[in-house]
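Engineer: Just dropping this structure here.
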Amino acid sequence: MSEITLRERDPPPIAEPKTDDLVDPAAPHDPGNRGDVIDRGQGAGGEVEEDEDAIPDGGYGWVIVGCLIAMNAGTWGVNTTYGVYSAYYLQHNHFSGGTTLGYAWVGGLSVACALLCGPLANWLSRPFGFRITMLLGAVCIVLGQCMAGICTSFATFLVCQGIVFGMGLGLTLVPSQPLLAHWFQRRLALAQGLATSGSGLGGLVLANTTRLCLENISVKWALIINGLISAVLLIPSIILLRGRHKAIGVRQAPLEIKWLWHKGFVWVWLWGALCLMAYFVALYSLASYATEALSLPQTQGAALQSLLAAGQMIGRPMWGYFLDTGGRLNLTIICYLLCGISTLCIWLPARSFGVLVFYALVQGMTGGTIWSAATPVVAKVVGVKDLASALSIFWLSLVIPALVGQPIAIALLDYSRNHLGRTGPEAYYIPIGFCGGMGVACAMVLYGAKVWLQGSWKVFKKT
Numbered sequence: 001m002s003e004i005t006l007r008e009r010d011p012p013p014i015a016e017p018k019t020d021d022l023v024d025p026a027a028p029h030d031p032g033n034r035g036d037v038i039d040r041g042q043g044a045g046g047e048v049e050e051d052e053d054a055i056p057d058g059g060y061g062w063v064i065v066g067c068l069i070a071m072n073a074g075t076w077g078v079n080t081t082y083g084v085y086s087a088y089y090l091q092h093n094h095f096s097g098g099t100t101l102g103y104a105w106v107g108g109l110s111v112a113c114a115l116l117c118g119p120l121a122n123w124l125s126r127p128f129g130f131r132i133t134m135l136l137g138a139v140c141i142v143l144g145q146c147m148a149g150i151c152t153s154f155a156t157f158l159v160c161q162g163i164v165f166g167m168g169l170g171l172t173l174v175p176s177q178p179l180l181a182h183w184f185q186r187r188l189a190l191a192q193g194l195a196t197s198g199s200g201l202g203g204l205v206l207a208n209t210t211r212l213c214l215e216n217i218s219v220k221w222a223l224i225i226n227g228l229i230s231a232v233l234l235i236p237s238i239i240l241l242r243g244r245h246k247a248i249g250v251r252q253a254p255l256e257i258k259w260l261w262h263k264g265f266v267w268v269w270l271w272g273a274l275c276l277m278a279y280f281v282a283l284y285s286l287a288s289y290a291t292e293a294l295s296l297p298q299t300q301g302a303a304l305q306s307l308l309a310a311g312q313m314i315g316r317p318m319w320g321y322f323l324d325t326g327g328r329l330n331l332t333i334i335c336y337l338l339c340g341i342s343t344l345c346i347w348l349p350a351r352s353f354g355v356l357v358f359y360a361l362v363q364g365m366t367g368g369t370i371w372s373a374a375t376p377v378v379a380k381v382v383g384v385k386d387l388a389s390a391l392s393i394f395w396l397s398l399v400i401p402a403l404v405g406q407p408i409a410i411a412l413l414d415y416s417r418n419h420l421g422r423t424g425p426e427a428y429y430i431p432i433g434f435c436g437g438m439g440v441a442c443a444m445v446l447y448g449a450k451v452w453l454q455g456s457w458k459v460f461k462k463t
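Each residue of the sequence shown is one higher than the one before, starting from 1 at the first, in full-length UniProt numbering.
Have a look at this one:
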């Protein structure tokens with residue numbers, strides 16, 4: 001038999017397995033879980049090949065970070081000035097029929113409308129793209145503020161500030177949240193933290209400029225000026241944004257209710273619901289505690305609001321770095337334990353401005369971490385390809401907590417005053433306890449996602 005015949009009968013060489021077929025062995029054995037999906041081009045050694053599907057972990061992604069910093073300053077940064085406006089409205093009886101509880105409902109309604117727009121934003125992004133959707137949101141943000149400036153009744157103010165402005169927040173927030181996951185993997189939490197620090201920067205600057213406008217010009221022009229600032233920050237940033245939807249195979253699904261009972265994701269949205277209530281109680285009640293309970297001047301109350309914003313500006317990128325190095329779920333749990341414990345141990349017994357300054361910085365650095373940690377945490381649990389769909393449900397699940405968080409705190413304060421007869425700092429014991437309890441509870445709930453993801457109860461395992 002010839003050598004050629006023997007070679008023809010040799011079996012063909014066994015093909016090497018493709019890296020696309022590799023599965024992360026650390027992911028739990030659950031058919032509904034994608035875990036941390038290993039990216040295309042990533043071999044068993046962890047090295048990413050330079051192809052169009054590899055996540056670059058930088059490059060143009062840093063431009064996206066800069067754009068999102070500006071956008072967060074022009075959206076959530078502007079939204080933090082509502083505390084300055086509401087104090088002015090109450091002091092000068094600007095709208096007849098406006099009450100503390102009524103203005104709290106307006107503030108909660110704007111955030112609730114923003115979160116409620118999650119499925120709508122995803123649905124609009126499918127035929128029109130995320131840029132058109134976000135530009136529509138920018139128009140709503142500008143119009144909402146400008147129209148609020150010319151309102152003469154509380155009802156029309158509620159529509160403009162609560163609904164129109166809130167829809168604008170949602171149409172810009174939701175499509176922008178998954179974009180950084182297209183450009184970053186190892187540094188995703190750091191990039192997200194830097195991007196969301198824009199809200200703290202915007203709040204720090206705009207809270208003071210808004211107060212100056214109210215004192216020296218008028219409410220009308222203060223709102224119009226802030227609306228124009230939003231336009232200048234948002235429109236160029238939206239134009240510069242770029243996504244990599246096709247390269248990473250992103251699925252665009254407007255509303256998938258299945259995530260509400262997903263075994264790992266259920267812990268994530270419960271964490272978000274609890275920590276958001278704690279966040280808004282501290283954000284909107286700290287200044288009033290200083291001025292009403294401790295009889296401190298309005299300037300010191302406003303200073304505490306600015307310190308909260310400064311803490312956000314520092315804390316969000318700081319926690320982003322920690323999340324990338326120590327584990328996204330691990331450090332988020334630690335962050336909210338610190339948030340809840342500091343509320344109970346620092347704010348509750350605080351009787352001086354100096355102690356409140358310290359608490360404002362701690363709360364600013366920890367309380368709003370949900371805005372920077374949500375995307376990395378959700379991506380850790382469901383994977384990048386399903387991130388947009390899961391985030392849509394995540395934001396939707398936060399609508400009711402955002403709407404009722406601050407009104408619950410005010411109702412508890414009224415109960416403490418009217419039924420228990422408490423005055424001064426003692427009247428705030430129940431609302432502060434509620435705030436701190438929610439912070440600790442949300443950390444404990446998120447531990448459930450950690451257990452599901454790692455398949456064990458190990459506390460110190462990096463997850």
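Every residue, glycine too, gets a C-beta built ideally from N, C-alpha and C.
Values in this document were obtained by computation on a predicted structure and should not be read as measured data.
Shortest alpha-carbon distance to K380 belongs to which of L453, C151 and C275?
Structural biologist: Closest option to K380, Cα to Cα, is L453.
Engineer: Tell me the rounded alpha-carbon separation between G264 and G448.
Structural biologist: Rounded to the nearest angstrom, the two C-alpha atoms are 8 angstroms apart.
Engineer: When you compare the CB positions of V268 and L307, do they come within less than 8 angstroms of one another, or not?
Structural biologist: No, the Cβ-Cβ distance between V268 and L307 is not below 8 angstroms.
Engineer: So, does the segment 359-378 touch the segment 334-341, judging by three or more C-beta pairs under 8 angstroms?
Structural biologist: Short answer: they touch.
Engineer: Roughly how many whole angstroms lie between the Cα atoms of L101 and L304?
Structural biologist: Approximately 21 angstroms, taken between the alpha carbons.
Engineer: Can you check the segment 79-128 for any beta strand (DSSP E) of at least 3 residues that lies completely inside it and give the ranges in chain order?
Structural biologist: Entirely contained in the segment 79-128, not one beta strand (DSSP E) run reaches 3 residues.
Engineer: So the candidates are W371, A443 and A290; which of them puts its Cα closest to the Cα of L348?
Structural biologist: When only C-alpha atoms are compared, the closest one is A290.
Engineer: What separation, rounded to the nearest whole angstrom, lies between the Cα atoms of L416 and H94?
Structural biologist: Looking at the sequence itself, residue 416 is Ser, so the reference to Leu does not match. Those two C-alpha atoms are separated by around 28 angstroms.
Engineer: Are three or more beta carbon pairs between the segment 237-246 and the segment 173-188 nearer than 8 angstroms?
Structural biologist: Because the criterion of three Cβ pairs below 8 angstroms is met, the segment 237-246 and the segment 173-188 touch.
Engineer: Could you check where the alpha helix (DSSP H) with Q145 kicks off and where it finishes?
Structural biologist: From DSSP, the alpha helix (DSSP H) with Q145 extends over F130 to G149.
Engineer: In terms of residue numbering, what span does the alpha helix (DSSP H) encompassing R211 cover?
Structural biologist: Residues L188 to N216.
Engineer: Determine, using beta-carbon pairs with one atom in the segment 127-141 and one in the segment 181-192, whether at least three such pairs fall under 8 angstroms.
Structural biologist: Contact between the segment 127-141 and the segment 181-192 is absent, because fewer than three Cβ pairs lie under 8 angstroms.
Engineer: Compare the C-beta of L241 with all C-beta atoms of chain C and state if any pair is closer than 8 angstroms.
Structural biologist: Within the model displayed, chain C is absent; a lone protein chain is all it includes.
Engineer: Buried or exposed: Y60, going by 16 or more other Cβ atoms within 10 Å of its Cβ?
Structural biologist: Classification for Y60: exposed.
Engineer: Among W105, N122 and L214, which residue has its Cα nearest to the Cα of I163?
Structural biologist: I163 has its Cα closest to that of W105, out of W105, N122 and L214.
Engineer: With distances taken Cα to Cα, identify the nearest neighbour of D324 among Q192, G118 and T80.
Structural biologist: Checking every option, the nearest Cα to that of D324 belongs to Q192.
Engineer: Could you spell out where the alpha helix (DSSP H) holding P56 opens and where it closes?
Structural biologist: Segment: none, P56 is in no alpha helix (DSSP H) and carries neither H nor E.
Engineer: So, do the segment 315-323 and the segment 399-415 have three or more beta carbon pairs nearer to each other than 8 angstroms?
Structural biologist: No, because fewer than three Cβ pairs between the segment 315-323 and the segment 399-415 fall closer than 8 angstroms, the two stretches do not touch.
Engineer: Could you compute how far the alpha carbon of K220 sits from the alpha carbon of P236?
Structural biologist: Between K220 and P236, the C-alpha separation is close to 25 angstroms.
Engineer: Do G200 and A310 have their C-beta atoms closer together than 8 angstroms?
Structural biologist: Yes; because the gap between Cβ atoms is below 8 angstroms, this pair is in contact.
Engineer: State buried or exposed for F128, treating a residue as buried only when at least 16 other CB atoms are found within 10 Å of its CB.
Structural biologist: Label assigned to F128: exposed.
Engineer: Since Q454 is in the alpha helix (DSSP H), which residue starts that stretch and which ends it?
Structural biologist: Looking at the DSSP string, the run of the alpha helix (DSSP H) that includes Q454 is Y429 to Q454.
Engineer: Would A207 and G168 qualify as a contact pair, given that the criterion is a beta-carbon distance under 8 angstroms?
Structural biologist: Not a contact, by the Cβ cut-off of 8 angstroms.
Engineer: If we ignore side chains and look at the alpha-carbon of each, how far apart do R34 and C160 end up?
Structural biologist: Because R34 sits at a pLDDT of 39, beneath the cut-off of 50, its placement in the model cannot be relied upon, and the following sentence gives the value as read from the coordinates. For R34 and C160, the distance between alpha carbons rounds to 41 angstroms.
Engineer: Verify whether the separation of the beta carbon atoms of Y284 and G436 is less than 8 angstroms.
Structural biologist: Result no, Cβ atoms of Y284 and G436 do not sit closer than 8 angstroms.
Engineer: Can you say whether W457 is buried or exposed, counting buried as having 16 or more other CB atoms within 10 angstroms of its CB?
Structural biologist: By the neighbour-count rule (16 or more Cβ atoms within 10 Å), W457 is not buried but exposed.
Engineer: Which term fits V384, buried or exposed, when burial requires 16 or more other beta carbons within 10 angstroms of its beta carbon?
Structural biologist: Answer is buried; the Cβ neighbour count reaches 16.
Engineer: For V268, verify whether its CB is less than 7 angstroms away from any heavy atom of the ligand GTP.
Structural biologist: No copy of the ligand GTP appears in this structure; indeed no ligand is present at all.
Engineer: From I346 to V355, what distance separates their C-alpha atoms?
Structural biologist: Between I346 and V355, the C-alpha separation is close to 7 angstroms.
Engineer: Just reading off the alpha helix (DSSP H) that Q363 is part of, what are its end residues?
Structural biologist: It spans F353 to T366 - the alpha helix (DSSP H) in which Q363 sits, taken as one unbroken run.
Engineer: Hey, quick one: how far does the alpha helix (DSSP H) through G301 stretch, first residue to last?
Structural biologist: Element bounds for G301: Q298 to G326.
Engineer: Tell whether a beta-carbon distance below 8 angstroms holds between L223 and C335.
Structural biologist: No. Outside cutoff.
Engineer: For L214, which of S392, V84 and C67 has the nearest alpha-carbon?
Structural biologist: Nearest option by C-alpha distance: V84.
Engineer: With the cut-off set at 8 angstroms, would you say P376 and L173 are in Cβ contact?
Structural biologist: No; because the gap between Cβ atoms is not below 8 angstroms, this pair is not in contact.
Engineer: Within the same chain, show all residues whose beta-carbon is closer than 7 angstroms to that of L274, passing over the 5 residues directly before and after it, in chain order.
Structural biologist: Excluding residues within five positions, the ones whose Cβ falls inside 7 angstroms are M438, A441, C442 and V445.
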